[in-house]
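All remarks here apply to the structure that follows.
Protein chains in written order, with our numbering: chain U, 1 to 423; chain B, 1001 to 1423.
Laid out in structure tokens, this is it:
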């Protein structure tokens, strides 16, 4: 949850001057630090670092609690973050003067937000919801028909909002209203892409959410400190505080951390097991080859010097290196994008929800890119996409009536019988 | 493919004056027709109607040819329309002065366009492509691994474009560039939502594409003529040429046409059978209860007056009425939206691809809303979502090993047992 202003800008006065000359288009803080105030600026820097550290500790604490409480609570955290992000972004391009003449126009945003929420979470969780309520027959019927018509219901909700928008169009406001409509859609796409992939990751096993999110945090903190102490060479014009030293230092730190963290996290079944329903109970599963330790003998000279003869490595640690590479090399572009956006629209932060950090959106830029990558990486390279015994059972539970299930059972039985008896 | 300027504005001079007073913000054509030019305006109206009719005949001819040639050709037509739409929309908010300073910036749009194309069509057609190449083992392996990694490939293509965008950001152009980036995404969503639902409909059976598309055309032509001859009462401020008379006349016409057309179209297996692969050969399938004629005896007094004793009705005709209702009541809002958008950004048409009609986008506004509805309606209320006892047996035979099949059998047995014994 830690980022922004990382790859901190050059700390020695001469380097800072050199740097300022290069990026002379400057942003407010840069301009404030003219020669005579260098010391004051340094003191401010430490003070702001302290505030940031303080809120960071609170955030990490809340985060750890959610992880401890389990999948549903992490999901609730994601939803809360998502609502805050949407609020920050909805307010961003809002103009009070125009809004006063358009009563109810803001509620349309939230109407679309909750329609999208029903659609996205409905699709993500329907399977698990059905799995959860199998014991009660009435509830089961209700839920499964809700699942069946979910797409149609969402479509009609959307169309109702669309018609509401058109019927409340007001003379001379067309451009503002269409602009807001498009902006609302962009926000919903950004916010829901992020959250839906994150939630999908959570249910694949907390590991696939926790490791990527942690790597982004580690990369940001490392970039901040490497930049703070060694930063000299500006990295990219759009984010003048970022330096190559911060970028490279952070990459190395992140990749090593990924390898080590995966080893630790990979040993807790609470983190590695997927969750098939919406309960919160204890999890047990076969760890599978991914999370089973493999022993590698060390080359001859190490055991003579050190007391170690072999290392144990989980196969998932190699995947973790890929995640680390992405988190440190590609994901920062999410941050560059956000910096550029803020510069384009001349805003300092997306909001002010977290003291010392700015808005929640400012903290989520790289997390979003990372969550999508983790999901696609997991689906494409970690699990076999295929049809498994479990996926077929899920389909049966969701789509067939009890009679059909019995018919299927009989047919499979016959099929197996036919194969056993040589013809 | 016919629409826009439908629900034609009041034709009698007094009604027109009354109408103009009400919508005095006016659009260019409205303003031109001041009192002394009423006759000239009427002549222009007939001339433009002739040009429109002429291009309409060409469009309908091309359309009919595509229907005759089959699914792949209809899909090709959809792709061509989609490319034209994207070109019109990409050019819409383009500013030449800024573009000259950003070499290569336009190609980014098309890069994203083709990435989206690969993603959407890949997902839609992958299963059918795999079904098509089952005979050649090498090709099969190639295609199925391409399908497996398709999502990852698309993600990397997108991320490459995203990084390209960030690395080519140019000082003082940020706002224009971010605006264009957002606009490109909005266009791609609109264009690909439309085309992907349309293509999905085509492969469910041409019927599910042809009937909705035809209903929109009929509704537009009917609204045009009803409005032209009877239009008096303005319908909606945003589209001052549309009248209640045109709207209601068109609705009745469309609903009756839907009922009758479904009866005709429902008798050709070329139109009703789904296509499971990418071949173009003849289609045969069991018509199913939807397309099987049912006999209804007529009440006593009709056979005494007329030579008919019973009518045959296909069950799909009742569904057609729902499509007709939507096409005539909700889909026009797509047109209102487009009118409002054009007014907001002070443009007359989205482009000039079709003489007498404006841009292709001007013709597709209602079609887009309709295509999405048809798909969702078909999936939710016409077919049972596809998962049946047979489809599950197919999956089991294709994907599970013998041991897995036995495991599945045991698990289903257990499941059924659990439900039978009251706990």
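All C-beta atoms, glycine included, are put in the ideal place defined by N, C-alpha and C. This one's a predicted model, so the numbers in the text were calculated from it and none came from an experiment.
Between which two residues does the beta strand (DSSP E) carrying residue i extend?
i: residue 1293 of chain B; result: 1293-1297
Going by DSSP, what residues sit across from residue i in a beta bridge?
i: residue 314 of chain U; result: U/293
i: residue 234 of chain U; result: U/243
Quick check on residue i: does DSSP put it in helix, strand or coil?
i: residue 179 of chain U; result: helix
i: residue 23 of chain U; result: Note that residue 23 of chain U scores 40 on pLDDT, short of 50, meaning its location in the model is unreliable; the coordinates nonetheless yield the value given after this. Coil.
i: residue 412 of chain U; result: helix
i: residue 212 of chain U; result: helix
i: residue 1207 of chain B; result: helix
i: residue 948 of chain B; result: For residue 948 of chain B there is no data in the structure shown, the boundaries of chain B being 1001 and 1423.
i: residue 332 of chain U; result: helix
i: residue 1392 of chain B; result: helix
i: residue 1354 of chain B; result: strand
i: residue 1417 of chain B; result: helix
i: residue 397 of chain U; result: helix
i: residue 383 of chain U; result: coil
i: residue 1093 of chain B; result: coil
i: residue 135 of chain U; result: coil
i: residue 186 of chain U; result: helix
i: residue 430 of chain U; result: Nothing in the structure corresponds to residue 430 of chain U, since chain U is present only between 1 and 423.
i: residue 1275 of chain B; result: coil
i: residue 1070 of chain B; result: coil
i: residue 288 of chain U; result: coil
i: residue 85 of chain U; result: helix
i: residue 1029 of chain B; result: In this prediction, residue 1029 of chain B scores a pLDDT of 42, lower than 50, which makes its location untrustworthy; the coordinate-derived value is nonetheless stated afterwards. Residue 1029 of chain B: helix per DSSP, three-state reduction.
i: residue 157 of chain U; result: helix
i: residue 1168 of chain B; result: coil
i: residue 1308 of chain B; result: coil
At which residues does the alpha helix (DSSP H) containing residue i begin and terminate?
i: residue 1249 of chain B; result: 1244-1265
i: residue 1373 of chain B; result: 1360-1377
i: residue 149 of chain U; result: Looking at the DSSP string, residue 149 of chain U is not in any alpha helix (DSSP H), and its letter there is neither H nor E.
i: residue 1345 of chain B; result: Taken as a continuous stretch (DSSP letters only), residue 1345 of chain B belongs to no alpha helix (DSSP H), as it is neither H nor E.
i: residue 1106 of chain B; result: 1105-1132
i: residue 1100 of chain B; result: 1096-1100
i: residue 283 of chain U; result: Taken as a continuous stretch (DSSP letters only), residue 283 of chain U belongs to no alpha helix (DSSP H), as it is neither H nor E.
i: residue 272 of chain U; result: 269-272
Taking 7 Å as the threshold (C-beta atoms), are residue j and residue i in contact?
i: residue 236 of chain U; j: residue 336 of chain U; result: yes
i: residue 434 of chain U; j: residue 1152 of chain B; result: Chain U is shown only over 1 to 423; residue 434 of chain U falls outside these bounds and no answer can be derived.
i: residue 1372 of chain B; j: residue 407 of chain U; result: no
i: residue 205 of chain U; j: residue 274 of chain U; result: yes
i: residue 1226 of chain B; j: residue 1265 of chain B; result: no
i: residue 1133 of chain B; j: residue 1139 of chain B; result: yes
i: residue 144 of chain U; j: residue 239 of chain U; result: no
i: residue 327 of chain U; j: residue 310 of chain U; result: no
i: residue 419 of chain U; j: residue 277 of chain U; result: no
i: residue 1243 of chain B; j: residue 1233 of chain B; result: yes
i: residue 191 of chain U; j: residue 398 of chain U; result: no
i: residue 360 of chain U; j: residue 202 of chain U; result: no
i: residue 1262 of chain B; j: residue 1215 of chain B; result: no
i: residue 1323 of chain B; j: residue 1212 of chain B; result: yes
Mind listing the chain A neighbours of residue i? Cutoff is C-beta to C-beta under 8 Å, in chain order.
i: residue 185 of chain U; result: Within the model displayed, chain A is absent; protein chains U and B are what it includes.
At a cut-off of 6 Å, would you count residue i as near the ligand MN, judging by its Cβ distance to the nearest heavy atom?
i: residue 1390 of chain B; result: The ligand content of the structure shown is nil, which means the ligand MN is not present either.
Check whether the segment 1306-1315 of chain B and the segment 1287-1296 of chain B are in contact - that is, three or more C-beta pairs closer than 8 Å. yes
query = Is the segment 1087-1094 of chain B in contact with the segment 1345-1365 of chain B, if contact means three or more CB pairs nearer than 8 Å?
reply = yes
Taking one C-beta from the segment 1089-1105 of chain B and one from the segment 1121-1137 of chain B each time, how about it: are there three or more such pairs within less than 8 Å? no
When the Cβ atoms of the segment 1075-1082 of chain B are set against those of the segment 1172-1180 of chain B, are three or more pairs found closer than 8 Å? no
> Are there three or more Cβ pairs, one per stretch, closer than 8 Å when the segment 206-219 of chain U is compared with the segment 327-339 of chain U?
Replying inline: yes
Pairing CB atoms from the segment 1149-1159 of chain B with CB atoms from the segment 1106-1117 of chain B, are three or more of them under 8 Å?
yes
Subject >> the segment 1237-1253 of chain B contacting the segment 1194-1204 of chain B, beta-carbon criterion three pairs below 8 Å >> reply: no
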